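Before any comments, here is the structure.
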Amino acid sequence: MVPFRLEHILALLLSKDTSYKKLNIMKISAYIIAYNEAEKIRDCINTILWADEIIVADSHSTDGTTEIAEELGAKVVHIPFNGYGDLRNQAIAHCTGDWIFSLDSDERCTPEVRDEILSLIENAPLDIYRVPRKNFFMGRWIKHSGWYPNFRQPQLFRNGKMSYTMEPVHEGFVSHSDKEIGVIKHVIWQFPFKNTEEVIHKANRYSTLGVEKLIDKGKTGSILKAFLHGYWAFTKHYIFKLGILDGGPGFVIAFGNFEGTFYRYIKLTEVQSNWTPPSVKPIKRIDSRSND
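To convert, count from 1 in the sequence shown and add 103; that's our numbering.
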């Protein structure tokens, strides 16, 4: 049998002949979640132009993110933010491909990952795959600190075989497959922070979102608990995850984890204590003439 050439496949796709379905060509959707990511979204989308469909789940950005995404051919769906788990579940509901590839706006696919994915999905033995990430921070590639290789929820999966839990931040995932979870060989790139301001902003935002998660777990807060949890987060990343070998950036990563954890428990304490300022009464000027 003569193998199909590219021009044969294209001719079949453009014709009314349905025999192309026998080729078992897998369609892949890539989705990105975003909110005011105008500085990052272009480079992110440019690394997944090979996907059959690009979905940008945008929580009503106001900085031009939507316009840039649409300019590059992505389909933008506007979804109110009710936590990252809900956002991701709604994003994958808009994906029509046989496979789904998840990429965040601060992540970049590489040619090696593209080639591995396209080869894998044609005859994948598993339904869900984790994707290792390599992080660039403060002018260097991070080799330790728990950042290399690091993973988030599986980023490649068959449509319908995975969903996300509903935590507002650091959401988990639910496998709907009876198979184990695989790991692809090559790494994508991540640029988690542009500058120190983003580090501080993320620590503040995530610590606020994390309070609900602590309450759901039945945790209680105090100043001492905030310090001890923060201290452990710093020690874990700087010592046990060898952040010390990453030099200055390793210290900043560890300290950022201290801050995020410390403020998460402080905010929990604040919510549970319901601190209120003392009430005041109207203070008027005393008219001395009334004493005459």
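From the three backbone atoms N, C-alpha and C, an ideal C-beta is built for every residue, glycine too.
No experiment lies behind these values; they were computed from the predicted model shown.
About 5 Å separates the Cβ atoms of R217 and W153, confirming a contact at the 8 Å cut-off.
Counted as a single uninterrupted DSSP element, the stretch harbouring D349 is not any alpha helix (DSSP H), since DSSP gives it neither H nor E. Put simply, the backbone Cα of A137 is about 18 Å away from that of N307. Under the three-state reduction of DSSP output, G167 falls in the coil class, being neither helix nor strand.
Rounded to the nearest angstrom, the gap between the Cα atoms of E225 and H197 is 22 Å.
The beta-carbon distance between F358 and F330, rounded to whole angstroms, is 14 Å. This is too long to meet the 8 Å contact definition. Per DSSP, reduced to three states, the secondary structure at A227 is coil, with no helix or strand assignment.
The DSSP assignment places 156-161, 178-181, 202-205 as complete runs of the beta strand (DSSP E) inside the segment 138-219, in order along the chain (cut-off: 3 residues).
The Cβ neighbour count for V286, taken over all protein chains shown within 10 Å, is under 16; the residue is labelled exposed. Taking a contact as a CB-CB distance under 8 Å, the pair W202 and N298 does not count as one, their CB atoms being some 35 Å apart. Note that the segment 363-375 touches the segment 304-321; at least 3 beta-carbon pairs, one per stretch, sit closer than 8 Å. Shortest Cα-Cα distance from H163 to any of N139, I369, Q258, I231 involves N139. In terms of Cβ geometry, S266 and N192 form a close pair [threshold 8 Å]. Secondary structure of I136 (DSSP, three-state): strand. The alpha carbon of L327 has as its nearest neighbour, out of W335, Y134, K288, the alpha carbon of W335.
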